[in-house]
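Asks: The structure follows.
Protein chains: 2
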Amino acid sequence: MLDLDDGAKSAERILAFRDEEGDVSRDYVDAVAQAVEAGDAEKVRDLVRPFHEADQGALIEALPADARARLIGLLGDVFDFAALTEVDDSIREELLDELPTKTVIEGMKDLESDDAVYILEDLDKDEQNEILEGLPASERVALQKSLDYPEDSAGRLMQTELVAVPPFWTAGQTLDHLHATEDLPQSFFEVFVVDPGHRLLGQIFLDKLVRSPRIERVDALMSTDRRRVHATEDQEQVARLFERYNLVSAPVVDEAERLVGVVTIDDVVDVIQEEADEDVKALGGVRWDEELSDTVMTIARSRFVWLFVNLITAFVASAVLGLFEGQLQKMVALAVLAPIVASQGGNAATQTMTVAVRALAVRELGAGNAFRVTLRESLVGLLNGIGFGLLTGAVASLWFQDWNIGAVICIAMLVNLVAGALGGILIPLTLEKVGADPAVSSGVFVTTVTDVVGFFSFLGIATLWFGLG
Amino acid sequence: MLDLDDGAKSAERILAFRDEEGDVSRDYVDAVAQAVEAGDAEKVRDLVRPFHEADQGALIEALPADARARLIGLLGDVFDFAALTEVDDSIREELLDELPTKTVIEGMKDLESDDAVYILEDLDKDEQNEILEGLPASERVALQKSLDYPEDSAGRLMQTELVAVPPFWTAGQTLDHLHATEDLPQSFFEVFVVDPGHRLLGQIFLDKLVRSPRIERVDALMSTDRRRVHATEDQEQVARLFERYNLVSAPVVDEAERLVGVVTIDDVVDVIQEEADEDVKALGGVRWDEELSDTVMTIARSRFVWLFVNLITAFVASAVLGLFEGQLQKMVALAVLAPIVASQGGNAATQTMTVAVRALAVRELGAGNAFRVTLRESLVGLLNGIGFGLLTGAVASLWFQDWNIGAVICIAMLVNLVAGALGGILIPLTLEKVGADPAVSSGVFVTTVTDVVGFFSFLGIATLWFGLG
Chain A
1 MLDLDDGAKS AERILAFRDE EGDVSRDYVD AVAQAVEAGD AEKVRDLVRP
51 FHEADQGALI EALPADARAR LIGLLGDVFD FAALTEVDDS IREELLDELP
101 TKTVIEGMKD LESDDAVYIL EDLDKDEQNE ILEGLPASER VALQKSLDYP
151 EDSAGRLMQT ELVAVPPFWT AGQTLDHLHA TEDLPQSFFE VFVVDPGHRL
201 LGQIFLDKLV RSPRIERVDA LMSTDRRRVH ATEDQEQVAR LFERYNLVSA
251 PVVDEAERLV GVVTIDDVVD VIQEEADEDV KALGGVRWDE ELSDTVMTIA
301 RSRFVWLFVN LITAFVASAV LGLFEGQLQK MVALAVLAPI VASQGGNAAT
351 QTMTVAVRAL AVRELGAGNA FRVTLRESLV GLLNGIGFGL LTGAVASLWF
401 QDWNIGAVIC IAMLVNLVAG ALGGILIPLT LEKVGADPAV SSGVFVTTVT
451 DVVGFFSFLG IATLWFGLG
Chain B
1 MLDLDDGAKS AERILAFRDE EGDVSRDYVD AVAQAVEAGD AEKVRDLVRP
51 FHEADQGALI EALPADARAR LIGLLGDVFD FAALTEVDDS IREELLDELP
101 TKTVIEGMKD LESDDAVYIL EDLDKDEQNE ILEGLPASER VALQKSLDYP
151 EDSAGRLMQT ELVAVPPFWT AGQTLDHLHA TEDLPQSFFE VFVVDPGHRL
201 LGQIFLDKLV RSPRIERVDA LMSTDRRRVH ATEDQEQVAR LFERYNLVSA
251 PVVDEAERLV GVVTIDDVVD VIQEEADEDV KALGGVRWDE ELSDTVMTIA
301 RSRFVWLFVN LITAFVASAV LGLFEGQLQK MVALAVLAPI VASQGGNAAT
351 QTMTVAVRAL AVRELGAGNA FRVTLRESLV GLLNGIGFGL LTGAVASLWF
401 QDWNIGAVIC IAMLVNLVAG ALGGILIPLT LEKVGADPAV SSGVFVTTVT
451 DVVGFFSFLG IATLWFGLG
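Shown next, in the form of structure tokens:
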């Protein structure tokens with residue numbers, strides 16, 4: 001799928017970086033690993049030089065753990081430290097521990113501030129300070145300012161390199177400035193217009209700038225309607241803003257509306273991806289920060305917690321079964337069929353909950369439509385409850401040759417599917433209301449509801465119907 | 001969070017468009033609905049004019065269904081048809097049915113080609129043709145070409161408006177061209193360099209162009225290393241490419257490497273969001289295209305299918321219980337405890353499955369690490385199996401005052417958690433291998449495994465232990 005760089009094409013025709021599935025090719029990794037093993041710096045550099053920082057990051061992940069730091073050592077200035085923003089957190093932390101501080105400082109000097117902050121923020125205070133002290137004063141101050149903003153805020157996400165001009169400049173003057181100035185950001189899409197107090201007045205995209213009459217003043221050309229984010233705003237809100245207005249970048253301002261940085265879409269894409277990941281994992285009972293590179297013990301411990309909570313709810317459901325021990329003994333068919341009622345309710349409730357949690361996450365579900373959606377889910381539960389009640393009833397009647405048992409399971413199924421629908425929507429809504437993350441905790445409550453209601457309704461109705469009390 | 005446009009600030013100070021939670025404010029929607037009701041075109045226009053297309057889309061979604069088409073009619077040219085790309089599919093289709101074809105054609109004329117294709121592609125062939133025939137020939141041809149590419153391909157996602165120059169032009173010449181030409185794309189980030197056969201040679205971002213010496217030729221300035229996509233490539237692959245290399249845009253080429261369009265990051269963000277949504281929904285047993293605006297019947301029907309499959313597996317699990325009817329009758333404690341073994345195994349397996357499905361989706365899991373991850377998951381299952389086996393065994397022993405029953409559930413729990421771990425990883429891997437979507441179908445198989453293994457191991461071991469056979 002990918003074209004290699006020209007450099008790659010000429011230097012290493014034989015070794016394709018990625019295989020057809022887009023994974024880093026085994027042959028390539030082996031070749032690099034061998035060269036690292038042999039300490040052949042020139043070979044290593046030739047192999048790695050042609051590749052993009054993201055590919056360098058993928059290579060690091062694919063290498064054996066003990067070859068990673070040595071690779072970076074051998075690569076010297078061929079290694080792009082931005083590659084470290086592309087690897088798993090745990091691998092990055094290991095690497096930063098292993099690498100000499102001097103190497104890290106040298107590598108950090110070439111980074112844009114957002115990448116530098118991304119790497120620094122996971123280190124502990126001492127390591128951070130050691131690295132910061134090795135950097136030139138201007139960079140240090142900018143990074144320190146970003147790091148002072150709360151975790152997961154726009155201030156952490158932004159880069160501080162940007163182009164800002166005064167409102168009285170003309171388009172021509174601005175273009176000449178861009179043309180003549182050495183010290184510009186590595187890449188940028190717009191020029192910001194600020195007042196003498198560095199307060200943001202507006203911005204002009206480059207495509208508009210090059211199309212404008214040279215004599216026009218920038219404050220006449222700039223758009224003032226564009227969205228800005230505050231440095232303390234949470235990154236999820238920033239992501240919402242980018243999604244909603246299809247932004248490519250957005251200025252970041254401080255509490256006095258002074259321009260302090262710019263957030264670009266590539267960082268926001270990471271946030272969106274991260275968020276979606278967290279939702280998927282949370283719904284599956286996995287911690288949001290679990291990574292494929294974690295150790296067995298770390299994973300076992302983090303999953304234990306969720307399973308422990310589930311075990312308690314499983315015992316609660318069993319206790320309900322225990323209430324009906326006598327009835328189960330008299331009619332063992334009840335013991336055989338009860339799990340069907342509970343499981344079908346659980347699955348229906350999970351469907352509703354999934355829709356609710358995701359709609360809450362992307363803000364499609366709110367006070368405005370909560371009632372309507374709840375009503376709709378209840379009706380869906382009722383309809384499917386009737387359908388599955390009749391179906392299960394028929395099968396159970398045939399199985400146990402007793403239409404009474406079919407009638408009982410039919411009613412219980414209907415009750416549990418409606419209960420599941422209500423639980424599936426009301427529990428996430430309530431959790432959101434009280435400030436808990438619905439993706440994380442809805443599942444436990446919802447299946448508790450359907451297990452308890454399923455067992456209780458089925459066995460309760462059976463007790464009455466058959467006079468088993 | 002949002003600043004309103006200047007226009008909005010002066011025209012309608014009193015009505016904020018969004019409330020503090022970012023939802024469209026009720027007061028604003030009511031004011032618009034009233035003005036629509038009264039047929040007051042001027043009022044409607046004043047209320048809506050200041051807002052971005054995305055806000056106009058949100059307004060349409062928030063309005064009662066019967067007011068939507070009338071709003072668009074009253075707005076006339078104040079309505080930005082791009083707003084239709086921001087609303088739910090079902091609402092868009094309804095609206096396009098209701099609106100006079102002439103209105104739709106007029107609205108489509110102002111759209112970038114990617115937005116136009118997005119709106120057109122869901123219509124049936126007749127409607128598509130009717131609209132296409134009303135458009136100017138050049139637009140019609142471009143749209144038709146996009147529509148001829150397969151659904152969900154890069155060709156559908158791209159916009160055909162772009163700037164391309166020959167390789168022998170200089171930077172100065174190119175800038176002068178941009179300055180003097182009227183008919184440029186609404187917004188663009190780069191200039192493409194093409195040969196006389198319109199084959200892509202390279203591209204230059206605007207920030208690089210304005211910084212370059214005016215006399216330099218573009219083929220000396222252009223970067224050739226950037227990634228391109230083929231028009232027939234699937235949008236998910238396009239999204240992977242953008243994510244991997246932090247792209248803002250990418251050229252689209254046809255089979256002859258001719259430049260046919262450009263995909264921009266805003267469209268890719270939608271794809272990423274959509275994909276994540278599909279994974280979340282699929283794991284929760286909900287169809288990927290279910291939307292909050294769907295009708296009760298549509299939803300009930302689409303969810304029925306998944307629940308039906310689950311019902312079959314629930315009956316299979318119950319049949320396993322049925323095999324042990326005699327044992328259940330002799331020891332009712334077994335009937336009470338069996339669901340705990342099954343449920344705990346199901347939850348542990350779901351954890352593993354969630355990690356596996358997501359890692360497959362974002363291509364972190366592949367042939368290279370499948371074995372290692374499987375081994376790791378098995379060990380996690382073993383560790384947690386031992387932990388929960390002992391815990392459950394202790395509680396069960398106390399509950400039923402019989403350490404034998406504790407011993408039996410302890411072993412069964414261990415067996416089922418290891419089985420769950422293996423099922424949770426091997427089932428998604430196998431489904432991926434045979435070309436099925438692991439997110440959609442893993443759940444059913446996985447819970448079948450843990451229900452069957454859970455019931456069978458617990459009751460089988462109990463039969464042997466207590467000599468109940």
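The listed protein sequences derive, respectively, from chains A and B. Heads up, the first sequence is in the UniProt record's numbering, so the first residue is 1 and it goes up one at a time. Heads up, the second sequence is in the UniProt record's numbering, so the first residue is 1 and it goes up one at a time. Beta carbons are placed, not taken as given, at the ideal position from N, Cα and C, and that holds for glycine. Being a predicted model, the structure only gives us computed values, none of them experimental.
(1) When you check each C-beta in the stretch 255-281 of chain A against every C-beta of chain B, which residues fall closer than 7 Å?
(2) What three-state label does DSSP hand Leu383(B) in the structure shown?
(3) On the CB-based measure, 16 or more other CB atoms within 10 Å of its CB, does Leu328(B) come out buried or exposed?
(4) Who pairs with Pro251(A) in a beta bridge, going by DSSP?
(5) Looking only at its chain, what residues have a beta carbon closer than 6 Å to the beta carbon of Phe456(B), apart from the 5 residues adjacent to it on each side?
(6) Write down the C-beta distance between Thr101(B) and Gly76(B) rounded to the nearest angstrom, noting that I regard them as a contact closer than 8 Å.
(7) Can you tell me which residues form a DSSP beta bridge with Arg217(A)?
(8) Where do the N-terminal and C-terminal ends of the alpha helix (DSSP H) with Gln237(B) fall, by residue?
(9) According to the neighbour-count rule (16 or more other Cβ atoms, all chains shown, within 10 Å of its Cβ), is Pro438(B) buried or exposed?
(10) Give the DSSP-derived three-state secondary structure of Leu63(B) in the structure shown.
(11) According to DSSP, simplified to helix, strand and coil, what is Arg199(A)?
(12) Check whether the Cβ atoms of Arg227(A) and Tyr245(A) sit closer than 8 Å, and answer yes or no.
(13) Starting from the beta carbon of His179(A), find every residue of chain B whose beta carbon is closer than 9 Å, and list them in chain order.
(14) Could you give the distance in angstroms between the alpha-carbon of Ser249(A) and the alpha-carbon of Val260(B)?
(15) Taking only beta-carbon atoms, is Phe79(B) less than 8 Å away from chain A?
(16) Name the DSSP bridge partner or partners of Arg18(B)?
(17) Looking at Phe188(A): is its Cβ nearer than 8 Å to the Cβ of Gln203(A)?
(18) Can you give me, in chain order, the residues of the stretch 124-154 of chain B that have a beta carbon less than 8 Å from any beta carbon in chain A?
(19) Taking Cβ-Cβ distances shorter than 8 Å, what residues in chain A pair up with Gln351(B)?
(20) Considering only the beta carbon of each residue, do Gln374(A) and Ile340(A) sit closer than 8 Å?
(21) Taking the straight line between their C-alpha atoms, what separation do you get for Phe51(A) and Leu247(B)?
(22) Would you tell me roughly how many angstroms separate the C-alpha atoms of Leu459(A) and Leu360(A), rounded to the nearest one?
(23) Would you please state the rounded distance, in angstroms, between the beta carbons of Gly381(A) and Thr350(B)? I believe it to be under 8 Å.
(24) Of the residues Leu429(B), Ala54(B) and Val268(B), which one's Cα is nearest the Cα of Asp234(B)?
(25) Measure from the alpha carbon of Leu184(A) to the alpha carbon of each residue in Leu200(A), Ala164(A) and Val36(A), then state which is nearest.
(26) Can you confirm whether Asn347(A), when its beta carbon is compared against all beta carbons of chain B, has any partner nearer than 8 Å?
(27) Buried or exposed for Arg13(B), please, with buried defined as at least 16 other CB atoms from any protein chain shown within 10 angstroms of its CB.
(28) When the Cα atoms are used, what is the spatial distance from Val104(B) to Glu127(B)?
(29) So, are the CB atoms of Ala69(A) and Leu99(A) less than 8 Å apart?
(30) Given that Asn384(B) touches chain A, what residues does it touch there, using C-beta distances under 8 Å?
(31) Tell me whether the stretch 145-156 of chain B and the stretch 165-178 of chain B touch, counting them as touching only if at least three CB pairs, one residue from each stretch, are closer than 8 Å.
(32) My guess is that Val355(B) and Glu275(A) are in contact by the Cβ rule of under 8 Å, so how many angstroms apart are they, rounded?
(33) Quick check: what's the CA-CA separation for Ser80(A) versus Phe242(A)?
(34) Say whether chain B places a C-beta atom closer than 8 Å to the C-beta of Pro339(A).
(35) Which residue comes first and which comes last in the alpha helix (DSSP H) that contains Phe315(A)?
(36) Can you check whether the CB of Met353(B) is closer than 8 Å to the CB of Val262(B)?
Replies: Looking at the atomic coordinates:
(1) Ile265, Asp266, Val269, Ile272, Gln273, Ala276, Asp277, Asp279, Val280 and Lys281
(2) Indexing the second sequence from 1 puts residue 383(B) at position 383. The answer is helix: DSSP assigns Leu383(B) an H, G or I state.
(3) Counting from one through the second sequence, the residue named residue 328(B) turns up at place 328. Buried, since its Cβ has 16 or more Cβ neighbours within 10 Å.
(4) As a first step, residue 251(A) must be located in the first sequence, where it is residue number 251. Note: Pro251(A) sits in a beta bridge opposite Val262(A).
(5) For the purposes of this step, residue 456(B) is taken as the residue at position 456 of the second sequence. So the list reads Val320, once near-sequence residues are dropped.
(6) On the second sequence, position 101 is the one that residue 101(B) refers to. On the second sequence, position 76 is the one that residue 76(B) refers to. No, Thr101(B) and Gly76(B) are not in contact; Cβ-Cβ is about 16 Å, not under 8 Å.
(7) Stepping through the first sequence from its first residue, residue 217(A) is reached at position 217. In DSSP, Arg217(A) forms a bridge with Thr170(A).
(8) Along the second sequence, read from residue 1 onward, the residue named residue 237(B) stands at position 237. Counted as a single uninterrupted DSSP element, the alpha helix (DSSP H) harbouring Gln237(B) occupies residues Gln235 to Tyr245.
(9) By 1-based counting over the second sequence, the position of residue 438(B) is 438. It is buried - the Cβ of Pro438(B) has at least 16 other Cβ atoms within 10 Å.
(10) The sequence position of residue 63(B) within the second sequence is 63, counting from 1. For Leu63(B), the three-state secondary structure derived from DSSP is coil.
(11) Here residue 199(A) corresponds to residue number 199 of the first sequence, with the count starting at 1. Three-state DSSP puts Arg199(A) in a strand.
(12) Walking along the first sequence from the start, residue 227(A) turns up at place 227. Walking along the first sequence from the start, residue 245(A) turns up at place 245. Yes. Within cutoff.
(13) Reading the first sequence from its first residue, position 179 is the one you call residue 179(A). Per Cβ cutoff of 9 Å: Val210, Arg211, Ser212, Pro213 and Arg214.
(14) As a working mapping, residue 249(A) is identified with position 249 in the first sequence. As a working mapping, residue 260(B) is identified with position 260 in the second sequence. Between Ser249(A) and Val260(B), the C-alpha separation is close to 26 Å.
(15) Residue 79(B) sits at position 79 when you count from the first residue of the second sequence. Phe79(B) does not count as touching chain A.
(16) If you number the second sequence from 1, residue 18(B) lands on position 18. For Arg18(B), which the question treats as bridged, DSSP gives the partners Val24(B).
(17) Translated into positions along the first sequence, residue 188(A) becomes position 188. Translated into positions along the first sequence, residue 203(A) becomes position 203. Against a cut-off of 8 Å, the Cβ pair of Gln203(A) and Phe188(A) comes out as no contact.
(18) Listed in sequence order: no entries.
(19) Translated into the one-based positions of the second sequence, residue 351(B) becomes position 351. Within 8 Å Cβ-Cβ: Gly284, Gly285, Val286, Arg303, Trp306 and Leu307.
(20) By 1-based counting over the first sequence, the position of residue 374(A) is 374. By 1-based counting over the first sequence, the position of residue 340(A) is 340. At residue 374(A) the sequence reads Thr, which differs from the Gln that was named. The answer is no: Cβ separation not under 8 Å.
(21) Position 51 of the first sequence holds residue 51(A). Position 247 of the second sequence holds residue 247(B). The alpha-carbon atoms of Phe51(A) and Leu247(B) are separated by roughly 15 Å.
(22) As a position in the first sequence, residue 459(A) is number 459, starting the count at 1. As a position in the first sequence, residue 360(A) is number 360, starting the count at 1. Roughly 35 Å separates the two Cα atoms.
(23) Position 381 of the first sequence holds residue 381(A). Position 350 of the second sequence holds residue 350(B). Wrong, their Cβ atoms sit about 22 Å apart, outside the cutoff.
(24) Your numbering for residue 234(B) matches position 234 in the second sequence. When Leu429(B), Ala54(B) and Val268(B) are compared, the shortest CA-CA separation from Asp234(B) is found for Val268(B).
(25) Here residue 184(A) refers to the residue found at position 184 when the first sequence is read from its first residue. With distances taken between CA atoms, Leu184(A) lies nearest to Ala164(A) out of Leu200(A), Ala164(A) and Val36(A).
(26) Along the first sequence, one-based indexing puts residue 347(A) at 347. Output row for Asn347(A): interface = yes.
(27) In the second sequence, the residue the question calls residue 13(B) occupies position 13. Low local confidence applies: a pLDDT of 43 at Arg13(B) is under 50, so the model's placement there is unreliable, with the coordinate-based value given in what follows. Exposed: under 16 other Cβ atoms inside 10 Å.
(28) Your numbering for residue 104(B) matches position 104 in the second sequence. Your numbering for residue 127(B) matches position 127 in the second sequence. Distance between the alpha carbons of Val104(B) and Glu127(B): 11 Å.
(29) To locate residue 69(A), count along the first sequence from 1; it is residue 69. To locate residue 99(A), count along the first sequence from 1; it is residue 99. Cβ atoms of Ala69(A) and Leu99(A): closer than 8 Å.
(30) Here the question's residue 384(B) lines up with position 384 in the second sequence. Residues of chain A passing the Cβ test: Ala300, Arg303, Phe304 and Leu307.
(31) no
(32) Looking up residue 355(B) in the second sequence gives position 355. Looking up residue 275(A) in the first sequence gives position 275. The pair is not a contact, with the Cβ atoms about 17 Å apart (cut-off 8 Å).
(33) The residue given as residue 80(A) occupies position 80 in the first sequence. The residue given as residue 242(A) occupies position 242 in the first sequence. Rather than Ser, the amino acid found at residue 80(A) in this sequence is Asp. Roughly 28 Å between the two C-alpha positions.
(34) Within the first sequence, the letter at position 339 stands for residue 339(A). Interface residue, yes.
(35) Along the first sequence, one-based indexing puts residue 315(A) at 315. Where Phe315(A) is concerned, the enclosing alpha helix (DSSP H) stretches over Val296 to Leu323.
(36) Within the second sequence, the letter at position 262 stands for residue 262(B). Within the second sequence, the letter at position 353 stands for residue 353(B). No, Cβ-Cβ distance for Val262(B) and Met353(B) is not below 8 Å.
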